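A quick write-up on the structure given underneath.
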Amino acid sequence: MKTRTGRIAAQLLIAASALLCLPALAHGDVTPQAVDTTTLKALGEVWREENPYRGDKEAIRIGSSAYGQNCARCHGLEAVSGGIAPDLRQLDRDCVSQKDEKKKQACYKENDAYYLTSIRHGKTRNGAVYMPPFEGIMNQEGMWSIKAYLETLRVMPAVTAAK
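Right, dumping it as structure tokens:
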């Protein structure tokens, strides 16, 4: 009986170890890919502080494709994270519920800055790369088009019912 129990425990341990490794194996090739932004209004060399393509249909179209090529492997299809990386539908969730319009716009601007820093320079912790830097591979038009796309997927906070 002990032998059978030991074998079962060992098999469960192996299975659990394999499951823990799946996210790393599913990570795939994370080499940043260039994005064709020739149909977008050029932004120039000076980096914008806020998303100039917010609501722009062409930017959203390009951003959707660019997201699929560069971000979906880690952040999930349509930004629905499988747990490997943050759920980007919630990137600016704190801003959405702001009642004061001035505070809401300041929140969006702060989130734009956070997003741009993250995508330009990547994320590294303790020497491990959690997100590759995209600066030098993708121009700011491509980066902002991805943000414009993500804004269309925004998860709205639950509204409490009036009493």
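With the working numbering applied, the sequence shown covers 2 to 164.
Backbone N, C-alpha and C fix where the C-beta goes; we use that ideal spot for every residue, glycine too.
Here the structure is a predicted model, which is why all the values come from computation and not from measurement.
Check this for me: beta carbons of I61 and G143, under 9 Å apart or not?
Result no, Cβ atoms of I61 and G143 do not sit closer than 9 Å.
With distance defined between alpha-carbon atoms, name the residue in P33, W48, E136 nearest to G69.
Nearest option by C-alpha distance: P33.
Going along the chain, which unbroken runs of the beta strand (DSSP E) with 3 or more residues stay wholly within the region 90-144?
The region 90-144 contains these whole beta strand (DSSP E) runs: 124-126, 129-132.
So, helix, strand or coil for K148, using DSSP?
Here K148 sits in helix by DSSP.
8 Å CB neighbourhood of D37 in its chain, flanking five on each side removed:
If we look at D37 and ignore the five residues flanking it on each side, its Cβ neighbours are I63.
Simplified DSSP state of T153, which is helix, strand or coil
Reduced to three states, the DSSP call for T153 is helix.
Presumed contact (8 Å Cβ cut-off) between N52 and D113, rounded CB distance
The C-beta distance from N52 to D113 rounds to 5 Å, short enough to fall under 8 Å.
Residues in the same chain with beta-carbon distance under 7 Å from S65, minus the five sequence neighbours each way, listed in chain order, please.
By the criterion of a C-beta distance shorter than 7 Å, S65 is surrounded in its chain by Y150, once the five residues flanking it on both sides are discounted.
Pick from L89, Q141, T118 that is closest to A73, judged by C-alpha positions
Checking every option, the nearest Cα to that of A73 belongs to L89.
Which whole-angstrom value is the C-beta distance of T39 and E59, which I expect to be below 8 Å?
A Cβ-Cβ distance of about 11 Å is found for the pair T39 and E59, leaving them out of contact under the 8 Å criterion.
Tell me which same chain residues have a C-beta within less than 7 Å of the C-beta of R55, skipping the five on either side of it?
Hits under 7 Å: A149, E152.
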